[in-house]
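Structure first, commentary second.
2 protein chains.
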Amino acid sequence: MTKKIPNISESEWEIMHVLWEKSPRTASEVISSIQEKTDWKPKTIRTLLDRLTQKKAVGVNKDQRVYTFYPLYSQEECQRAKARSFIDRIYGGTLKSMLVQFIQEESLSEDDIKELRSILDKKPKEK
Amino acid sequence: MTKKIPNISESEWEIMHVLWEKSPRTASEVISSIQEKTDWKPKTIRTLLDRLTQKKAVGVNKDQRVYTFYPLYSQEECQRAKARSFIDRIYGGTLKSMLVQFIQEESLSEDDIKELRSILDKKPKEK
DNA sequence: AGTCATATACTACAATTGTAATCGATATGT
DNA sequence: ACATATCGATTACAATTGTAGTATATGACT
């Protein structure tokens, strides 16, 4: 019964991030938060928020006169869904080929690599 | 002088993949190739190919009556560009958090992990 | 009570994307 | 030489996305 996660556009992801960070929030809280990182106009941000609610990616509480908004999906499930389709489309389905590429360019430091290695080591054995 | 890689849409990536696999190719070769994996109509595929050439992601040789097409960017550079922006937007910029997620769900087998570990080990020491 | 600020609702509009169809030129087979 | 199959060029059209603006209702302040 995996509900289909709605498609979230690039700009909309910014909104989702602030709601995942803390929710529920009012529109103006979201607007302030977003404006710390972008130069989007308040109306633009509001439109994105409204679209997310239309798409059912975000829920609204209308009990108060000033609505509050909250995510309807966890960050993890949205990320997973996106990552899946991204890796399929761009790397032909294997995370490995992506990792290889990242390692080959300078983009991973020795420390990063150590960290990644320790993450791999922590993979639970069971199941 | 890194030239800006044009934006390649989801469907257009399919076209790019077949051109990276082998090029130059005529439109009808591309069409046949794509039709093995999708049920897109020939006209649709042709449109995507034309758009890629407009975007300067694909080059055209018009010497012959039947044009041939070829990628103007390597698969690696396109992947890197996409991966960069993807990870920034979805995972807040760290490949690590993505890897962690992949490891935590079932999606990586023991063998995958072994393989990833050996890739990490092969990272060249110099520089 | 009247004014002002603010929230929500509705509308706008161009670019991109997905998904093709039509039109005109030409190579090809008969 | 003519019909036909094929290419390339042009056009179509709705949905999504980026980027807002206008209108309306209402709570807050004086």
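Sequences listed follow chains A and B, in order. The working numbering applies: residue 25 is where the first sequence begins, and numbers increase by one. The working numbering applies: residue 25 is where the second sequence begins, and numbers increase by one. The beta-carbon is built from N, C-alpha and C at its ideal position, and this holds for glycine as well.
Secondary structure within the stretch 71-125 of chain A: the alpha helix (DSSP H) runs of 4 or more consecutive residues, fully enclosed, are 99-115 (chain order). For Tyr-115 (chain A), the residues of chain B that pass the 9 Å Cβ criterion are Gln-103, Ala-107, in the order they occur in the chain. Taking 9 Å as the threshold, the shortest C-beta distance from Trp-37 (chain B) to chain A falls below it. Listed along chain B, the residues sitting closer than 8 Å to Phe-126 (chain A) by beta-carbon distance are Ala-107, Leu-119.
Within chain A, the C-beta atoms nearer than 9 Å to that of Phe-110 (chain B) come from Lys-106, Ala-107, Phe-110, Ile-114, in chain order. In this structure, the beta-carbon distance from Glu-134 (chain B) to Gln-125 (chain A) does not fall below 9 Å. Against Glu-100 (chain B), the close residues of chain A are Gln-125, in the order they occur along the chain (beta-carbon pairs closer than 7 Å). Listed along chain B, the residues sitting closer than 9 Å to Ile-143 (chain A) by beta-carbon distance are Lys-120, Leu-123, Val-124, Ile-127. When Cβ pairs closer than 8 Å are counted between the two stretches, the stretch 94-114 of chain A is seen not to touch the stretch 84-98 of chain B, the count staying below three.
Boundaries cannot be given for Glu-129 (chain B), as no alpha helix (DSSP H) includes it and DSSP labels it neither H nor E. Residue pairing for Arg-49 (chain A): DSSP places it in a beta bridge opposite A:Phe-93. In the three-state reduction of the DSSP assignment, Ile-29 (chain A) falls in the coil class. The closest CA to that of Ala-81 (chain A), considering only A:Ser-47, A:Ile-32, A:Lys-61, A:Lys-67, is found on A:Ile-32.
From the listed residues B:Ile-137, B:Met-122, B:Lys-79, B:Leu-119, the smallest Cα separation to Lys-28 (chain B) is found for B:Lys-79.
Between Lys-61 (chain B) and Glu-38 (chain B), the C-beta spacing is below 9 Å. Only residues of its own chain outside the window of five on either side were considered, and among them Ser-121, Met-122 have a CB closer than 7 Å to the CB of Tyr-115 (chain B), listed in chain order.
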